[in-house]
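Written below as structure tokens is the structure these notes are about.
There are 2 protein chains.
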Amino acid sequence: MTIVTANLAISLDGFTAGPDQSLEHPFGTGCKEALTSWMFETDQPGREADAQLRAALHENTGAHIMGRNMFSPGRGEWDESWTGWWGPEPPYHAPVFVLTHHERAPLEMAGGTTFHFVTGGFETALEQAGKAAGGKNIEIAGGAATVRQYLAAGLLDELVLHLVPAVLGAGERLWDDLAGLALTPTEVISSPTVTHLRYRTVRPS
Amino acid sequence: MTIVTANLAISLDGFTAGPDQSLEHPFGTGCKEALTSWMFETDQPGREADAQLRAALHENTGAHIMGRNMFSPGRGEWDESWTGWWGPEPPYHAPVFVLTHHERAPLEMAGGTTFHFVTGGFETALEQAGKAAGGKNIEIAGGAATVRQYLAAGLLDELVLHLVPAVLGAGERLWDDLAGLALTPTEVISSPTVTHLRYRTVRPS
């Protein structure tokens with residue numbers, strides 16, 4: 003069964019990115035390291051839980067969806083020389099559907115990643131991703147605004163939070179405008195660095 | 003060794019109480035149940051982790067500290083007919099130091115709880131609680147503003163959060179004005195209702 007899932011690093015105070023996101027600082031200023039450092043050096047002693055979790059996150063993912071801001075620092079019409087943050091071989095190895103208001107031809111990268119640019123809205127992107135996923139899961143890759151859009155619409159089945167034990171004080175809040183949302187905890191994986199919290203959402207039938 | 007500890011229920015979006023706290027709604031409106039329900043019906047199947055954690059929370063506590071707002075809905079001069087929210091036998095069974103700007107004689111209740119009213123500030127209260135604790139731990143009972151005060155001053159050793167899987171959208175935020183704070187996760191206890199997260203703080207030597 004295909005599930006729609008997302009995973010995000012989040013600070014204790016609910017920020018998934020810092021303020022002032024830009025080309026130089028895609029996670030914003032002041033907190034890239036705080037939010038992303040759990041993903042690195044997972045071969046070190048004591049990091050086994052993080053390594054296992056990280057390896058498992060995408061093992062059954064057939065398609066990804068991301069917001070324009072996660073694909074590109076630019077806005078408006080496309081600069082077609084921009085092919086994403088990830089170099090010639092992005093880490094997705096599957097179709098990636100990018101939400102945008104501006105049409106662009108599909109962009110095929112090395113390693114099985116093809117970016118498809120979807121101008122029909124987030125529900126259309128989900129339909130297209132569902133067809134492309136071939137029965138595997140669909141990951142809403144981010145950013146927070148895109149995850150929030152699927153959460154608010156009741157279209158997300160599962161949310162995995164990597165709870166970073168730090169207070170950032172500013173940035174983009176995942177939970178804005180989601181008052182009343184209730185989740186069900188289904189799994190917790192602790193590590194000395196972050197706590198991985200898996201929740202099931204209640205999806206309208 | 004005496005440690006200074008606190009435990010708080012907190013929503014996914016960082017609220018430890020709702021808006022509009024009052025005599026009728028000491029946790030504010032709209033979220034008392036969301037934040038406190040994990041503490042009840044812990045004799046039901048599947049609630050063993052919550053029951054054990056709740057029983058262990060105070061087993062080594064020798065003194066408590068709380069803000070005036072946690073003791074009383076009133077402000078200003080004391081209404082001495084008010085003896086707390088908890089009836090004749092409060093659940094503390096130990097000395098409780100209440101931070102206030104208004105002097106009041108100690109108030110001895112049934113079951114070993116005596117409320118001491120401290121007008122000398124939060125650091126004075128901690129000194130007095132340390133003497134009263136007899137080598138056991140000191141609990142900062144709340145509310146969030148009082149816990150935040152000790153956290154900000156580097157006087158809290160341990161923080162236990164009961165992470166409620168709900169988004170409240172409004173109320174009192176624990177993390178306000180604590181940007182830059184970093185904690186170390188030391189224990190995680192999961193349950194189907196809430197996730198209990200124990201953190202160590204870094205206390206200036």
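From first to last, the protein sequence lines are chains A and B. Basically this note's numbering = 1-based index in the first sequence + 2. Basically this note's numbering = 1-based index in the second sequence + 2. Every residue, glycine too, gets a C-beta built ideally from N, C-alpha and C. Everything numeric in this text was worked out from a predicted model, so none of it was measured.
Residues near residue i in its chain [Cβ-Cβ closer than 6 Å; skip 5 each side]
{"i": "residue 7 of chain B", "result": "139, 141 and 160"}
{"i": "residue 171 of chain A", "result": "none"}
{"i": "residue 204 of chain B", "result": "none"}
{"i": "residue 135 of chain A", "result": "4, 64 and 65"}
{"i": "residue 14 of chain A", "result": "169"}
{"i": "residue 130 of chain A", "result": "99"}
{"i": "residue 42 of chain B", "result": "none"}
{"i": "residue 72 of chain A", "result": "144 and 145"}
Three-state secondary structure assigned by DSSP to residue i
{"i": "residue 77 of chain B", "result": "coil"}
{"i": "residue 201 of chain B", "result": "strand"}
{"i": "residue 101 of chain A", "result": "strand"}
{"i": "residue 36 of chain A", "result": "helix"}
{"i": "residue 126 of chain A", "result": "helix"}
{"i": "residue 41 of chain A", "result": "helix"}
{"i": "residue 12 of chain B", "result": "strand"}
{"i": "residue 121 of chain A", "result": "coil"}
{"i": "residue 111 of chain B", "result": "coil"}
{"i": "residue 19 of chain B", "result": "strand"}
{"i": "residue 49 of chain A", "result": "coil"}
Contacting residues, own chain, Cβ-Cβ under 8 Å from residue i (five flanking each side not counted)
{"i": "residue 5 of chain A", "result": "139, 140, 159 and 160"}
{"i": "residue 78 of chain A", "result": "104"}
{"i": "residue 201 of chain B", "result": "160, 161, 162, 163, 185, 186, 187 and 188"}
{"i": "residue 178 of chain B", "result": "150"}
{"i": "residue 121 of chain A", "result": "102, 103, 104 and 105"}
{"i": "residue 10 of chain A", "result": "18, 144, 146, 149, 161, 162, 163, 164 and 176"}
{"i": "residue 40 of chain A", "result": "11, 52, 164, 166, 193, 195 and 196"}
{"i": "residue 91 of chain B", "result": "111, 112, 113 and 115"}
{"i": "residue 190 of chain B", "result": "197, 198, 199 and 200"}
{"i": "residue 36 of chain B", "result": "13, 166, 168 and 170"}
{"i": "residue 132 of chain A", "result": "4, 65 and 140"}
{"i": "residue 210 of chain A", "result": "Given a span of 3 to 207 for chain A in the structure shown, any question on residue 210 of chain A remains unanswerable."}
{"i": "residue 1 of chain B", "result": "As displayed, chain B neither begins before 3 nor continues past 207, which places residue 1 of chain B out of reach and without an answer."}
Cβ separation of residue i and residue j, assumed to be a contact under 8 Å, to the nearest whole Å
{"i": "residue 67 of chain B", "j": "residue 165 of chain B", "result": "Contact flag wrong, Cβ pair sits at about 23 Å."}
{"i": "residue 49 of chain A", "j": "residue 193 of chain A", "result": "7 Å"}
{"i": "residue 155 of chain B", "j": "residue 99 of chain B", "result": "Residue 155 of chain B to residue 99 of chain B, Cβ: 16 Å. No contact."}
{"i": "residue 117 of chain A", "j": "residue 76 of chain A", "result": "Not a contact, Cβ separation roughly 14 Å."}
{"i": "residue 153 of chain B", "j": "residue 180 of chain B", "result": "6 Å"}
Close-in-space but distant-in-sequence residues of the same chain around residue i (CB under 7 Å, 5 per side omitted)
{"i": "residue 175 of chain A", "result": "16 and 17"}
{"i": "residue 95 of chain A", "result": "113, 114 and 115"}
{"i": "residue 74 of chain A", "result": "84"}
{"i": "residue 1 of chain A", "result": "Only positions 3 to 207 of chain A appear in this structure, which leaves residue 1 of chain A out of reach."}
{"i": "residue 44 of chain A", "result": "52, 53 and 56"}
{"i": "residue 70 of chain B", "result": "100, 101 and 102"}
{"i": "residue 63 of chain B", "result": "96, 138, 139 and 141"}
{"i": "residue 127 of chain A", "result": "67, 99, 101 and 120"}
{"i": "residue 108 of chain A", "result": "116, 117 and 118"}
{"i": "residue 59 of chain B", "result": "9"}
Counterpart residues of residue i in DSSP-defined beta bridges
{"i": "residue 240 of chain B", "result": "Any property of residue 240 of chain B remains undetermined from this structure, which presents chain B solely from 3 to 207."}
{"i": "residue 7 of chain A", "result": "A/141 and A/160"}
{"i": "residue 116 of chain B", "result": "B/97 and B/110"}
| task | Counting only runs of 3+ residues fully inside the segment 129-199 of chain A, write out the beta strand (DSSP E) ranges in chain order. | result | 139-144, 160-166 and 186-192
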